[in-house]
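*Asks:*
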Amino acid sequence: MKGNSSHPLRWGLVLSVGGLMLSLTAAQQHPIARTINALMDSVLTDAQKRLPENALKTLKASHELEVRTFATEPMLQNPTNMDIDERGRVWITEAYNYRPAINGNPTTDKGDRIIILEDTNGDGKADVQKVWYQGPELNAPLGILVLGNKAIVSQSPYVWLFEDTDGDDKADKKTIIFQGIEGEQHDHGMHTFVFGPDGKFYFNFGNEGKQLKDAQGNLIKDPFGNPIQTGNKSKLKQGVAFRCDADFKNVEVLAHNFRNPFELAVDSYGTVWQSDNDDDGNKGVRINYVLEGGNYGYTDEVTGANWPAYRTNMEEEIPYRHWHLNDPGVVPNLLQTGSGSPTGMVIYEGNLLPEVYRNQMIHAEPGHNVVRSYPVKADGAGYSASIENILKNEGDSWFRPADVCIAPDGSILIADWYDPGVGGHQAGDQTRGRVYRVAPQGRPYTAPSYNYEDPNSALAALQSPNMSIRYKAWNALMHMGDEAVPALTKLWHSDGNPRMRARAFWILSKMKGNAVIEEALNDANPNLRIAGLRAARQQKADIIPFIKKLSADTSAQVRRECAIALRHQTSPEAAELWANLAEKYDGQDRWYLEALGVGADEQWDSYFAAYLKRHPNPVETKAERDLVWRARTEKASPFLAKLAADDRLSLSKERLRYFRAFDFNTGKAKSDALMKLLIGNNPRQAELTRLALRHLDPEFVKATPAAKSVLKKLMATLSQQEYLEYEARYALPEENGKLLAIALNPDNEHIGSTAMNLLLQQGGGKTVRAILAGKDEDKTRKTLAALRRVGKKESIEIMEQLALSKSQPQWLRQLATRNLGGSMLGEDRILILLREGKIEKPYILYAVQGVATAWRKAIPKEAATYLGGETSVGKPIPKIEEMVSLSGDVQRGVKVFAQNCAVCHQINGQGADFGPKLSEIGSKLPKEGQYMAILYPSAGISFGFEGWNVQLKDGTNLVGIVASKTESDLDLKYPGGTAQRLKMTQVKSMKQQQDSMMPAGLHENMSKQELADLVEYLMTLKKK
18 MKGNSSHPLR WGLVLSVGGL MLSLTAAQQH PIARTINALM DSVLTDAQKR LPENALKTLK
78 ASHELEVRTF ATEPMLQNPT NMDIDERGRV WITEAYNYRP AINGNPTTDK GDRIIILEDT
138 NGDGKADVQK VWYQGPELNA PLGILVLGNK AIVSQSPYVW LFEDTDGDDK ADKKTIIFQG
198 IEGEQHDHGM HTFVFGPDGK FYFNFGNEGK QLKDAQGNLI KDPFGNPIQT GNKSKLKQGV
258 AFRCDADFKN VEVLAHNFRN PFELAVDSYG TVWQSDNDDD GNKGVRINYV LEGGNYGYTD
318 EVTGANWPAY RTNMEEEIPY RHWHLNDPGV VPNLLQTGSG SPTGMVIYEG NLLPEVYRNQ
378 MIHAEPGHNV VRSYPVKADG AGYSASIENI LKNEGDSWFR PADVCIAPDG SILIADWYDP
438 GVGGHQAGDQ TRGRVYRVAP QGRPYTAPSY NYEDPNSALA ALQSPNMSIR YKAWNALMHM
498 GDEAVPALTK LWHSDGNPRM RARAFWILSK MKGNAVIEEA LNDANPNLRI AGLRAARQQK
558 ADIIPFIKKL SADTSAQVRR ECAIALRHQT SPEAAELWAN LAEKYDGQDR WYLEALGVGA
618 DEQWDSYFAA YLKRHPNPVE TKAERDLVWR ARTEKASPFL AKLAADDRLS LSKERLRYFR
678 AFDFNTGKAK SDALMKLLIG NNPRQAELTR LALRHLDPEF VKATPAAKSV LKKLMATLSQ
738 QEYLEYEARY ALPEENGKLL AIALNPDNEH IGSTAMNLLL QQGGGKTVRA ILAGKDEDKT
798 RKTLAALRRV GKKESIEIME QLALSKSQPQ WLRQLATRNL GGSMLGEDRI LILLREGKIE
858 KPYILYAVQG VATAWRKAIP KEAATYLGGE TSVGKPIPKI EEMVSLSGDV QRGVKVFAQN
918 CAVCHQINGQ GADFGPKLSE IGSKLPKEGQ YMAILYPSAG ISFGFEGWNV QLKDGTNLVG
978 IVASKTESDL DLKYPGGTAQ RLKMTQVKSM KQQQDSMMPA GLHENMSKQE LADLVEYLMT
1038 LKKK
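Every position in the sequence shown, counted from 1, becomes a number in our numbering once 17 is added.
#1: Please classify residue 498: does DSSP put it in a helix, a strand, or coil?
#2: State yes or no: is the C-beta of residue 925 within less than 9 Å of the C-beta of residue 1019?
#3: Roughly how many angstroms lie between the CA atoms of residue 1033 and residue 919, to the nearest whole one?
#4: What is the residue span of the beta strand (DSSP E) that residue 203 lies within?
#5: Counting along the chain, where does the beta strand (DSSP E) carrying residue 96 start and finish?
#6: So, at 6 Å on beta carbons, what are the nonlocal neighbours of residue 895 in its own chain, with the 5 sequence-adjacent residues on each side left out?
#7: Given a threshold of 16 other Cβ atoms within 10 Å of its Cβ, counted over all protein chains shown, does residue 539 qualify as buried or as exposed?
#8: Looking at chain B, is there any beta carbon in it that lies within less than 9 Å of the beta carbon of residue 599?
#9: Where do the ends of the alpha helix (DSSP H) carrying residue 779 lie?
#10: Where do the N-terminal and C-terminal ends of the alpha helix (DSSP H) with residue 712 fall, by residue?
#11: Going along the chain, which residues of its own chain have a beta-carbon closer than 6 Å to the beta-carbon of residue 228, five neighbours each way excluded?
#12: With C-beta atoms as the reference, is residue 455 less than 9 Å away from residue 1029?
#13: Can you have a look at residue 184 and say buried or exposed, based on whether 16 or more other CB atoms are within 10 angstroms of its CB?
#14: Report the CB separation of residue 763 from residue 872 in whole angstroms; it is logged as a contact under 8 Å.
#15: Whose C-beta lies closer than 6 Å to the C-beta of residue 517 among residues of the same chain, with five residues either side of it excluded?
#16: Suppose contacts are defined by Cβ-Cβ distances below 9 Å. Is residue 366 in contact with residue 285 by that definition?
#17: Runs of 4 residues minimum, wholly inside the stretch 840-886: which ones carry the alpha helix (DSSP H) assignment?
#18: Within 10 angstroms of the Cβ of residue 757, are there 16 or more other Cβ atoms? Answer buried if so, exposed if not.
#19: Considering residue 89, what are the terminal residues of the beta strand (DSSP E) in which it resides?
#20: Could you tell me which of 334, 310, 341 and 313 sits nearest to residue 324, measuring between CA atoms?
#21: Go through its chain and collect everything with a Cβ distance to residue 500's Cβ below 7 Å, but skip five positions before and after it.
#22: Straight-line CA distance for residue 753 to residue 981?
#23: Does the stretch 100-113 come within contact of the stretch 421-438, defined as at least 3 CB pairs closer than 8 Å?
#24: Residue ranges of each alpha helix (DSSP H) run of no fewer than 4 residues wholly in the stretch 596-683, ordered along the chain?
#25: What's the call for residue 532, buried or exposed, on a 16-neighbour Cβ count within 10 Å?
#26: Under 9 Å, do residue 976 and residue 842 count as touching if we go by C-beta distance?
#27: From what residue to what residue does the alpha helix (DSSP H) around residue 538 run?
#28: Per DSSP, what kind of secondary structure is residue 416 in: helix, strand or coil?
#29: With a CB to CB cut of under 6 Å and the five nearest residues on each side skipped, what residues in its chain are close to residue 820?
#30: Determine the closest residue to residue 690 out of 661, 599 and 671, with distance taken between C-alpha atoms.
#31: Given a cut-off of 9 Å, decide if residue 192 and residue 142 are closer than it, judged by their beta-carbon atoms.
#32: Is there contact here, the stretch 354-361 with the stretch 293-303, by at least three beta-carbon pairs under 8 Å?
#33: Tell me which residues share the same chain as residue 996 and place their Cβ nearer than 7 Å to its Cβ, disregarding the 5 neighbours each side in the sequence.
#34: Less than 9 Å between the C-beta atoms of residue 681 and residue 344, yes or no?
#35: What's the C-alpha gap between residue 812 and residue 805?
#36: Given a cut-off of 9 Å, decide if residue 817 and residue 846 are closer than it, judged by their beta-carbon atoms.
Take a look at the structure:
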C-alpha cells in the first residue's frame, strides 16, 4: 500500500573522506560513496525502498547528467500527463479514479484533479501545490496542454478547454471542444494536444477513440469531406493522428491505423513523430515518423482483419507481422523497440542537455523503467534511428515514467506514475506519484522572463525549448503584425540554427504568404524547403508551380513532400508531375514509394496512366514492379498477373507479394487477370491455382462455371487442413459428404471438429442425427468425437438428447455425457444439468470426467461436488505482501507454469497462443504486479484480450477472445490455443465480458510455495 513507514530510513548523509565532502545524490559519485549507498540499499526493506526519500537511489542518469526529485507524494498521486508553463510551474493530471469498474479500486466522488506544483524558493523542489481544478466529471484524464490561463484537457468522451478568467489559479470556465470520442475510462481513448510551429494543434486518439464530434455533437468531416469515424467500413482504421487550427476547426487526419499512439511530437519544421504500443507480448512496440496520409498497418487496410489473420505473403517474424509491413500501402516504422508500454514524448530543441539529445525525440517508456532518446538520421525519403538512454531505474521497477516535458531553462521533467504495473487498466497503488528533473550537474531550476509586447523579446521567447512559452510568443508576434516583421525577418535571414529560422518562417508565412514561401523553397537546407511546401499547402496557395520547381530536387525527402502535396490535386498537370516523381523512385526506398501511394490516393487511374505512357511494360525493373505492386487501379491488374506468373521471379520471395496486391484492387480487370492465372499452363500451375483461388471473390468463383470447376478439382487433391480452408472460404453445400468423411476420419482432433462444425453450418445436422440413430457403433463413436469440441447449440443439443435418453444403450449415454463437456458451452450445460438433477447418478462420473480438464477451474471443482462427499471450501487469496516476502525456485516455477499457465500463454513460442505472451513479462512487472495479475486477473485486462460473449442466430452462445473481425468473418480464440472462424451472417450479437478470460482462483490449484516458484520464474523473463 502507498503511505509512510513508521520507521523510515533517510539517507541525507554527507561523508567526510580524506577532507573531501561527499553529498550522496543520483549524479556521478565518489567510489566510496557509491559503495556505501549500495550497502545501505542492501539493508532496505521493500517498504523502505518505496519511500520518496529513497527515490533517487537506483535512478541512473546518462552523460553526466543529474537527476533530482522535483515533487513526490503526497503532493501528487497517479500522474498521467504533465505540462510546464512559462513560469516553470508543473501542471499534472491525476488519475485516482482510474478504471474502477475493472480493477475494483476505491474512487473519490469529488473527481480527479489538475494540480499546479511550484518551486517558490529556488531550491529546485516544489514547495507549493495548488488544485487548479477538481470535479466529478474528471476521471482519469490523459492529456493537458497549458496555454497561459487556459488548458486543453483530454479525457474521452470529451476534450475540454478550461479557463481561469480571474487569475486566481482556479479554473472557473469549461467549454467542450470535441465530444463523442469513445474509450471512456480506457487507455486507448483521447490523448493530449501539443502546439505546433505552424500555430496549429496536434493530437491523437488510440483505437478505442473511434470518432470525433464537435461541441454540438455533430460528426466532424475532414477537409476532403470524409467523416472522422473508424471501422471496417470506414477508410480510417484504429488509432488516428490529427491536426486542427487554433480555433479547433479544419480538423485534418494526418495518419491512421495505429494501435495506441500516446502523444504526438512536432519539430520546428512541422515533422511529426510518435510512439505506438503493440498487443501485449508481441515485441512490436514502435517509433514512427508520421507521414501525412499514411496507413500504419495495425489491421488489414481493406477488411479490418487483425494482424494474426492469415494472408498471402505474411511476414515471418511476429513484430513485423503485427504491422502488416509486407502489405502495399503500409508506411514503414522508424524503429521497433521490442516490448514496452510507450507514453509521453517531446522533441528536445534546447541547448542545456548534451549534444546527443539535441533536436531529437525524448520518450518515456514505463514498461522498461526508462526515459530515452532516439537520435534520427536522414535515410532516403525517410529516416533511421538508434536508442540512447537518458534516465533508467535499475533497481526499482515501480518507476513508471508517464510523461516528459521541457522546462523553460531547457532541463527536462519526468512525471512518474510510480506503480507496480504500467496501467493497462491496473493500478496497484493509488497514492504515490513523483516528478523528477534531469539537467547537467549543479544547474539551478530557473524560468527566464520575457516582455511579450516587445518584438525582440517575444522573438527570443519564440526560440525557447518550452512549449508554453513558444505558444505565448507565437500569438504575441502574430498579434503585433507588421511591427514584428523586422525581427522575424532578421532571424529568418540569418545563418543561425535552422530550427529557429523555421520558427520565424512559419509566422512570416502567415503574414507575407508566397513571398517568404518562395524564399524557403530556395533555401539550401532541405528541411526548410520542406517547411516551405508545407506552409504553401496550409495557405491554400497554388502549389503546382512549387511542385514543378521541387520535383527534381536532390533531396528524396523534399520529393517525398511533393508527392504528398499531390494528394487529391485536380490540376490537369498533377498526373504528369506524379509520373515525374515516380520516375525518381529507385526501387529501394519504401518511404518514397508510400509517399507516392499517398499522393495518388483516389486518383490512381489518371496518375498511373501517366506513368504507363512512359513505362508501357512496367515489369522489367524493381522500381517498376514496386509501383505496380503499390498501385490501386484496374490498370495495374494485368501487370500483377504477369508478375505473379513470371517464372524468372521467386514464388516464395517475390511473386507472393503480387498475389497479395490483388486484395487491394477490385473490378473486372482483377477477376479476368486472376482467371487467366487460374486456367493457365504454368510449370507451377498447381501453386498458382491455389493462390488465384485465395484472391478471387468467392461469389465470382461460384457464379463462374470454369472457375468453380477448377476449384472442385483442386479441392479433390488437397490435404484435409487445406481442404477445410477452401471449404470455409467458398461454403459449397455439395461438399457435405466429404466434410462428413473428414469428420469421421480426421488427421487430428482439431480437423475433425472443424469439419463437423462446417458440416452443421451447411445444413448437415440431419445426416449427423441419422448416423447416431443407426446401428454402426464405430461411426457413432467417431461422430461423437467430432462433435465434442464444436461447441455450437446444435452440437450440444444432439449430444444432450443422447445423454439423457433412457432409450439409448448405456455405452452411448456414457460417451455422450462425457463428450458433452468438451467445449465451453458444453461445460456450462453440464453444470446446469447437474444443478437441475437431470443427469442420473450412474452418469455423473462421466459428466465430471468430461469437464475435468476445463481451463476455468471452478467448472471441474463444482462438478466434482455432485460425486458425493464433503464440499471443499475455497482457499483464501494470500496477501501480496506475504507472497513478495517468499523466495521461489526458478526450476520448480517452470514446471508450475507448464502445468497451470501454458494452456493459455506462450513463452518464447512454447505454450498455447491464447492470452498475452509472457516472454518479457519480468521486464514489465515487478513481483507485486505479477502476483496482482495472477490473484486478481480481472483487475487489469490487457487490451485485445478481452473476453466476448458471442450469440449466434441458432441460439449458440460462445465465449472467447476476438482474434479478428471483418465485415464477413469473425475469428474467435479459445483457451488451449484453438480457433474458430464464423461468418458474421451467423452472429446475432456480441457483448464484451467485464471479467478476464483468465480464471480467478488459480491460487487454489497450487500451494503458496508453488505460486512463489511461478513468480520467481516469471521474473527471469526479461528483454534480452
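Just so you know, even glycine gets a beta-carbon here, dropped at the ideal spot from N, CA and C.
*Replies:* From the atom records:
#1: Secondary structure at residue 498: helix, using DSSP grouped into helix, strand and coil.
#2: Contact flag unset, no.
#3: For residue 1033 and residue 919, the gap between their C-alpha atoms comes out near 16 Å.
#4: Where residue 203 is concerned, there is no enclosing beta strand (DSSP E), given that its DSSP letter is neither H nor E.
#5: Per DSSP, residue 96 belongs to the beta strand (DSSP E) from 96-101.
#6: Result list for residue 895: 1025, in chain order.
#7: Looking at its Cβ environment, which holds fewer than 16 other Cβ atoms inside 10 Å, residue 539 is exposed.
#8: No chain B appears in the structure shown, which is made up of a single protein chain.
#9: No residue range can be given for residue 779, since it is assigned to no alpha helix (DSSP H) and is classified by DSSP as neither H nor E.
#10: Counting along the chain, the alpha helix (DSSP H) containing residue 712 begins and ends at 702-712.
#11: For residue 228, where only same-chain residues beyond five positions count, the Cβ hits under 6 Å are 197 and 246.
#12: The Cβ atoms of residue 455 and residue 1029 lie no closer than 9 Å to each other.
#13: Residue 184 comes out exposed.
#14: Contact doesn't hold; Cβ gap of about 23 Å is too wide.
#15: Cβ neighbours of residue 517 beyond the five flanking positions: 480.
#16: Yes.
#17: With a minimum length of 4 residues, the continuous alpha helix (DSSP H) runs that stay inside the stretch 840-886 are 841-852, 858-867 and 875-881.
#18: Classification for residue 757: buried.
#19: Taken as a continuous stretch (DSSP letters only), the beta strand (DSSP E) holding residue 89 covers 82-89.
#20: Residue 324 has its Cα closest to that of 341, out of 334, 310, 341 and 313.
#21: Within the same chain, residue 500 has close Cβ partners 472.
#22: Approximately 26 Å, taken between the alpha carbons.
#23: Contact between the stretch 100-113 and the stretch 421-438 is established, with three or more Cβ pairs separated by less than 8 Å.
#24: Listed in chain order, the complete alpha helix (DSSP H) runs (minimum 4 residues) inside the stretch 596-683 are 607-616, 621-631, 639-647, 654-661 and 673-679.
#25: An exposed status is given to residue 532, since fewer than 16 other beta-carbon atoms sit within 10 Å of its beta-carbon.
#26: Remark: C-beta atoms of residue 976 and residue 842 approach each other more closely than 9 Å.
#27: If you look at residue 538, you'll find it in the alpha helix (DSSP H) that goes 531-538.
#28: DSSP places residue 416 in coil when its eight states are reduced to three.
#29: Taking C-beta separations shorter than 6 Å and ignoring five residues to either side along the sequence, the partners of residue 820 in its chain run 830, 833, 834 and 837, following chain order.
#30: Looking only at 661, 599 and 671, the smallest Cα-Cα distance to residue 690 is reached by 661.
#31: Taking 9 Å as the Cβ cut-off, residue 142 and residue 192 do not qualify as a contacting pair.
#32: With a cut-off of 8 Å, the stretch 293-303 and the stretch 354-361 count as touching, because enough Cβ pairs lie within range.
#33: Around residue 996: 980, 988, 989 and 990.
#34: Contact: yes.
#35: One C-alpha to the other measures close to 8 Å.
#36: Yes.
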